[in-house]
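*Asks:* Each protein sequence line maps, in turn, to chains A and B. Following this note's numbering, the numbering of the first sequence begins with 1 at its first residue and continues without gaps. Following this note's numbering, the numbering of the second sequence begins with 369 at its first residue and continues without gaps. The beta carbon of each residue, even a glycine, is placed where N, CA and C say it ideally should be. Predicted model, so just to flag it, every value in this text is computed and none were measured.
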Amino acid sequence: MALILTEEEQLLKTSASELFKSKAQIAALRKLRDEKDPLGYSKSLWKEMSNLGLAGLTISEAYGGLDFGYVGLGQVLETCGRTLVASPLVSTVLLSGTAIQLGGNEAQKKQYLPGIASGDSIFAFAMDEGKHHNPENCNTKITNNLISGNKTMVIDGHVANYFIVAVKDEKGISKLVVVNAKNEGILVEKIEMMDSRNLANVRFENVKVEDILDSYSSSTNLIENVLDVARIGLAAEMLGGIQEAFSRTIAYLKERRQFGVPIGSFQALQHRAAEMFGEIELCKSVVIKSLKAIDNQSDDLPKMASLAKAKLGETYKRVSNEGIQMFGGIGMTDDEEIGFFLKRARVVQHTLGDTNFHLDRLAKMKKY
Amino acid sequence: MEATADKKDLKKFRKETREWLDANCPESMRQPITGPEDVYWGGRNGEFKTPDFKIWFEKMHAKKWIAPHWEKQYGGGGLDRMEYKILTEEMSRLGCRKPLFSFGLSMLGPALLKFATEEQKIKYLNDIVDAKIRWGQGYSEPGAGSDLANVQTKAEDKGDHYLVNGQKVWTSYGEKADMIFCLVRTDVEVPKHHGISFLLIDMATDGATTRPIKLISGKSPFCETFYDNVKVPKENLIGTEGQGWDIAKYLLTHERQMIGGIGETHVPTPVSDIAKKYLEIKGDVMTDAVLRAEIAKFEMDEAIFDMTIERVIDEAKAGNNSGALSSFFKFYGTELNKRRYEIMVACQGIDGLAWEGEQYNHGAIAKQFLRTKGNSIEGGTSEIQLNIISKRILGLPTR
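1) Here's the rule I'm using: 16 or more other beta-carbon atoms within 10 Å means buried, otherwise exposed. How should residue 358 (chain A) be labelled?
2) Under 8 Å, Cβ to Cβ, is there at least one residue of chain A near residue 450 (chain B)?
3) Using a Cβ cut-off of 9 Å, pull out every chain A residue sitting near residue 654 (chain B), in sequence order please.
4) Taking DSSP as the reference, what is the three-state secondary structure of residue 596 (chain B)?
5) Which residues, in chain order, does the segment 254-270 of chain A contribute to contact with chain B at a C-beta distance below 9 Å?
6) For residue 633 (chain B), count the other beta carbons within 10 Å of its own beta carbon; 16 or more makes it buried, fewer makes it exposed. Which is it?
7) Counting only the same chain and skipping the five closest in sequence on each side, list residues whose C-beta sits under 6 Å from that of residue 758 (chain B).
8) Looking at chain B, is there any beta carbon in it that lies within less than 8 Å of the beta carbon of residue 319 (chain A)?
9) Bridge partners for residue 581 (chain B) per DSSP, in chain order?
10) What does residue 760 (chain B) touch in chain A if you count any residue whose Cβ is under 9 Å from its own?
11) Quick one: using the 10 Å Cβ neighbour count with 16 as the cut-off for buried, is residue 655 (chain B) buried or exposed?
12) Do we get a CB-CB distance below 8 Å when we pair residue 71 (chain A) with the residues of chain B?
13) Just tell me which of A:48, A:54 and A:22 has its CA closest to the CA of residue 9 (chain A).
14) Check whether the Cβ atoms of residue 489 (chain B) and residue 480 (chain B) sit closer than 8 Å, and answer yes or no.
15) Note down, in chain order, each residue of its chain lying with its Cβ closer than 7 Å to the Cβ of residue 169 (chain A), except the 5 sequence neighbours on either side.
16) Could you tell me which of A:135, A:21, A:122 and A:320 sits nearest to residue 348 (chain A), measuring between CA atoms?
17) Is it buried or exposed, residue 302 (chain A), if we count other Cβ atoms within 10 angstroms and call 16 or more buried?
18) Would you kindly check if the distance between the Cβ of residue 173 (chain A) and the Cβ of residue 125 (chain A) is under 8 Å?
19) In chain order, what residues of the same chain have a beta carbon less than 6 Å from the beta carbon of residue 63 (chain A), not counting five sequence neighbours either side?
20) Chain B beta carbons: is any one of them nearer than 8 Å to that of residue 164 (chain A)?
21) DSSP on residue 158 (chain A), reduced to helix/strand/coil?
22) Over the uninterrupted beta strand (DSSP E) stretch that includes residue 142 (chain A), give me the two end residues.
23) Strictly under 8 Å for the Cβ-Cβ distance: is residue 675 (chain B) near chain A by that measure?
24) With DSSP as the reference, label residue 71 (chain A) as helix, strand or coil.
25) Starting from residue 699 (chain B), find everything on chain A with Cβ-Cβ shorter than 9 Å and list it in chain order.
26) Report yes or no: do three or more beta-carbon pairs, one from the segment 201-218 of chain A and one from the segment 180-188 of chain A, lie closer than 8 Å?
27) Taking buried to mean at least 16 other C-beta atoms within 10 Å of its own C-beta, is residue 257 (chain A) buried or exposed?
28) List the residues of chain B that residue 2 (chain A) touches, going by C-beta distances under 8 Å, in chain order.
29) Residue 307 (chain A) versus chain B: which residues are under 7 Å apart at the beta carbon?
30) Cα separation between residue 144 (chain A) and residue 297 (chain A)?
31) Could you check whether the Cβ of residue 589 (chain B) sits closer than 8 Å to any Cβ belonging to chain A?
32) Below 8 Å on the Cβ atoms is my guess for residue 328 (chain B) versus residue 707 (chain B); work out the distance and round it to an integer in Å.
33) Report the option in A:366, A:289, A:212 and A:326 whose CA atom is closest to the CA atom of residue 2 (chain A).
34) Give the list of continuous alpha helix (DSSP H) stretches no shorter than 4 residues that lie fully inside the segment 62-106 of chain A.
35) Assess contact between the segment 730-747 of chain B and the segment 238-253 of chain A, defined as three or more Cβ pairs (one per stretch) separated by less than 8 Å. Is contact present?
36) Residue 754 (chain B) versus chain A: which residues are under 8 Å apart at the beta carbon?
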C-alpha cells in the first residue's frame with residue numbers, strides 16, 4: 001500500500017481546504033472565544049461541513065455515509081488543524097461514530113449513524129475519569145441498565161445529544177453504552193479550555209442507558225480500538241497545525257529584519273528550522289501510514305496509534321514553542337495568531353494520551 | 369493488454385531470477401557481512417577471501433549482474449527499473465551478498481554515466497564491472513573539509529597532460545585504491561566554485577603516495593594521499609574544466625544516501641532486545657526508567673524514519689521529485705545511528721567498553737561506537753546538511 005494519497009483523497013483535501021479558507025480562519029475561532037459562544041463552534045459551518053459529506057466520511061453508505069475511509073477523514077482533520085477549526089468532528093465522528101460503527105449491532109447503527117452522517121446529532125465520548133488520560137481507570141458502573149460515575153475531559157459534553165460512556169459491569173467487564181443526554185441524572189459542567197474549545201466534566205447518577213454496544217469480539221478491544229483510531233485522527237489534526245505554525249514561522253524569519261538583515265539569515269535560527277523540517281517529514285510519514293493502517297484493519301494499529309500520537313505530540317510542542325520564540329515579542333501578543341497553535345498543541349497533546357503515555361505504552365508492547 | 373503482458377513477463381522474470389540465485393549463490397555468500405574485510409573489493413591486487421567469493425563474483429559477472437541496471441555496452445545487464453527492483457528484492461529475500469563492493473559502482477559510476485564522454489564510459493565503466501580497478505575518492509583536503517570548494521590541489525595544464533601537486537585526506541581505503549577520482553583546481557582566477565575540475569588519477573603514477581590515518585577506533589580505514597608533480601593524461605578529465613563542482617555535488621547525493629542508510633537491506637537488532645539482555649527487567653518493565661525512556665524515543669524515531677524512506681520512495685515513484693531531501697536523510701540517518709550506538713554502549717555496561725579480548729569480540733561494539741561519531745562528519749557534516757536544508761528547501765536567506 002503506497003504511502004501517497006489517491007486522486008479522490010487529494011480532491012477531498014482541496015475542497016475541505018477551500019471551505020475552511022473562506023469560512024473558518026483562525027479569526028473565526030477568535031470570534032467564538034471573544035463572544036463566549038455557548039456552543040463553542042459554528043452551527044452553520046458544521047451544517048456546511050455535513051452537507052459536503054464530511055460528517056459521514058467513515059460511515060457506511062447503508063447508514064447515510066460516504067464510506068470514504070479514514071485516510072479521507074484524516075485529510076479533513078489535517079485541514080481543520082491548519083486553521084484550528086472548532087467543530088464536532090472529533091467528538092461526534094472520530095470518536096463516537098467509530099465506536100458505533102465498530103461496536104453497534106444492525107439496529108443500533110441504523111438508529112444512530114444516519115444522524116451523525118447528516119450532522120444533526122452531536123455525540124460526546126465519555127471515557128477518562130482523572131486529570132490524565134488513563135483507559136484503565138474506570139469506576140463508572142452499570143447496574144440494571146443504570147450507570148453512575150464521574151467522567152472528565154468530555155469533548156463537546158455540554159452540547160451533546162447523546163453520550164457514549166465507558167463503564168464496567170458487575171463482573172468488572174468494560175463496556176461502551178449509549179446514553180440520551182435528555183435522561184435524568186446527568187450533570188454537565190462546561191470547562192473553557194486554553195485552546196478556546198470546550199471540555200466538560202460529566203456526572204452520571206443512576207442514568208438510564210439506551211443501548212450497549214456489544215457487537216464486537218471483545219469489549220475491551222472495542223474501547224482500545226476506538227481510542228487508537230481517534231488517536232490517529234488527532235495526530236492528523238496535529239499534523240495540520242504543525243505544518244501551518246511552521247510555515248508561518250519560516251515566513252516570519254524571511255520578513256522580520258534586525259541588524260539590517262532578515263533574521264532568517266542567522267544560522268542559530270536556520271539550524272533549528274532545518275531540524276524542525278526533518279521532524280515534520282517524520283510526522284507526515286507516520287500519519288499517512290497509521291491512517292492507512294485503520295483502513296486496512298492492520299494488526300499493528302495499537303503500535304501505529306502510539307507512534308503517531310507520541311511523535312506528533314513531541315513535534316507540535318517543539319514547533320509551537322519555537323514559533324513563539326522566533327516571532328519574539330510579537331509572538332507573545334494576542335493579536336498575533338501563532339499563540340493559538342501553542343494553546344491548541346497543549347490541549348490536543350493531553351487528549352487521549354500525551355507523548356510520555358504513548359512512549360510508555362510502546363515500551364510495554366515490546367515488554368521492556 | 370500490453371500492461372497485462374508486461375506483468376506476466378515480470379512474474380516470469382522474478383521466478384527465473386529466484387531460481388537462478390538459489391542455484392548459483394553459495395551458502396556462505398548468503399550470510400551477513402561481518403565487516404569491510406569480509407567482502408570482495410576487486411582491483412589490481414584484489415583478493416578473494418575464500419573460493420566462494422570468487423565463484424559468486426564470477427557467476428554474477430557472467431550473468432551481467434554486477435551492475436544490473438547499467439546499459440550493456442558498459443558491462444551492465446540492461447535491466448529496466450522494474451527488473452532491477454525485482455532482482456534486488458530477490459537477492460535480499462535470499463540474503464545474497466553483493467558480489468562486488470566498489471566505490472566505482474556506487475559513487476563514480478553514476479557520475480560517469482551523467483558526465484563522461486562515450487569513450488570514457490566504455491573504458492571506465494567496463495573496468496568497474498570487471499573489478500579491474502579499485503577506486504578511491506579524493507575530495508577533502510586539510511584546508512577543505514566542510515568548505516569543500518576551497519580545494520587547493522592544483523592541476524596545471526602542460527599541453528598533453530596535467531601536472532598535479534597537493535594533498536587529499538579522508539580517502540576511504542586509499543592505500544588500496546588503484547585509481548582515485550579527485551577534485552582539483554584548474555583555474556585560480558575565477559570564483560572558487562568555478563575553478564574546480566574532476567580528474568581521474570592513477571595511484572601507480574610517479575609522485576603519488578599514501579599514508580594511513582589511525583582513528584579513535586584504532587582502525588585505519590582512511591588515508592592521506594600526496595601528489596608531488598604527478599603527470600595525469602588530459603583524457604582523464606571528466607566533463608569540462610571548471611565543471612568539477614557540479615559533478616562533485618551530483619556524486620555526493622549518492623554518497624549521502626549511502627551513509628544515511630537509504631537502500632540498505634539489513635534489519636538491525638532492536639536496541640530494546642539488547643537492553644533486555646543486559647539490564648534488569650521487572651514485570652516486563654526495565655528498572656532503569658531513564659534509559660527505558662531514551663530507548664522508547666529512539667525506537668519511535670527509528671521506526672518513523674523507516675516509514676519516511678518508504679513514503680519518499682513511494683512519492684518518487686508517483687513522480688514527485690524529492691532530490692533535495694537527500695540532505696535530510698543524511699542528517700537524520702547518521703544522527704540516529706549515533707543515538708543507536710550510544711544506547712547500545714549504555715546497555716552493555718563495561719562489556720560495551722572493552723577494547724581487547726575474545727570474550728568481548730575484540731571490542732567490536734566499542735570500536736563501532738567510536739566509528740559512528742564520524743557518520744555525521746563524513747560526506748558533509750550534519751551542520752552542512754542543515755545549511756543545505758535551510759537554503760534549498762526552506763528558502764531562508766544567506767548572509
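*Replies:* Concretely, from the data shown:
1) So residue 358 (chain A) counts as buried.
2) Chain A contact via Cβ: absent.
3) The contacting residues are 363 and 368.
4) Looking at residue 596 (chain B) - three-state DSSP - the assignment turns out to be strand.
5) If the cut-off is 9 Å between Cβ atoms, the segment 254-270 of chain A has 254, 261, 262, 264, 265, 266, 267, 269 and 270 near chain B.
6) In this predicted model, residue 633 (chain B) has a pLDDT of only 46, less than 50, meaning its place in the structure is not dependable; the value taken from the coordinates is given anyway. If you draw a 10 Å sphere on the C-beta of residue 633 (chain B), you find fewer than 16 other C-beta atoms in it, and that means exposed.
7) If we look at residue 758 (chain B) and ignore the five residues flanking it on each side, its Cβ neighbours are 764.
8) Answer no: the Cβ-Cβ gap between residue 319 (chain A) and chain B never drops below 8 Å.
9) Per DSSP, B:590.
10) Think of a sphere of 9 Å around the beta carbon of residue 760 (chain B): no beta carbon from chain A falls inside it, the nearest being about 10 Å out.
11) Flag for residue 655 (chain B) reads exposed.
12) At a cut-off of 8 Å between C-beta atoms, residue 71 (chain A) does not count as an interface residue with respect to chain B.
13) Nearest C-alpha to residue 9 (chain A): A:54.
14) Less than 8 Å separates the beta-carbon of residue 489 (chain B) from that of residue 480 (chain B).
15) Closer than 7 Å at Cβ, skipping near neighbours: 142 and 175.
16) Closest option to residue 348 (chain A), Cα to Cα, is A:320.
17) Burial check for residue 302 (chain A): the Cβ neighbour count within 10 Å reaches 16 or more, so the residue is buried.
18) It is not a contact, given that the beta carbons lie outside the stated cut-off.
19) 109, 113 and 114, listed in sequence order.
20) Taking a beta-carbon distance threshold of 8 Å, residue 164 (chain A) does not count as an interface residue toward chain B.
21) Residue 158 (chain A): coil per DSSP, three-state reduction.
22) Where residue 142 (chain A) is concerned, the enclosing beta strand (DSSP E) stretches over 141-143.
23) Yes, residue 675 (chain B) counts as interfacial toward chain A.
24) If DSSP states are grouped into helix, strand and coil, residue 71 (chain A) belongs with the helices.
25) In chain order: 274, 275 and 278.
26) Short answer: they touch.
27) Residue environment analysis places residue 257 (chain A) among the exposed positions, since fewer than 16 neighbouring C-beta atoms fall within 10 angstroms of its C-beta.
28) Under the 8 Å cutoff, chain B gives 682, 685 and 686.
29) Simply 668, 671 and 672.
30) Between residue 144 (chain A) and residue 297 (chain A), the alpha-carbon positions lie close to 34 Å from each other.
31) No - not a single Cβ of chain A is within 8 Å of the one on residue 589 (chain B).
32) The structure shown does not extend to residue 328 (chain B), since chain B is modelled only from 369 to 767, so the question has no answer here.
33) Here the closest residue by C-alpha is A:289.
34) 70-83 and 98-103, all fully within the segment 62-106 of chain A.
35) Counting Cβ pairs under 8 Å, fewer than three are found: no touch.
36) Within 8 Å Cβ-Cβ: 270, 271, 274 and 275.
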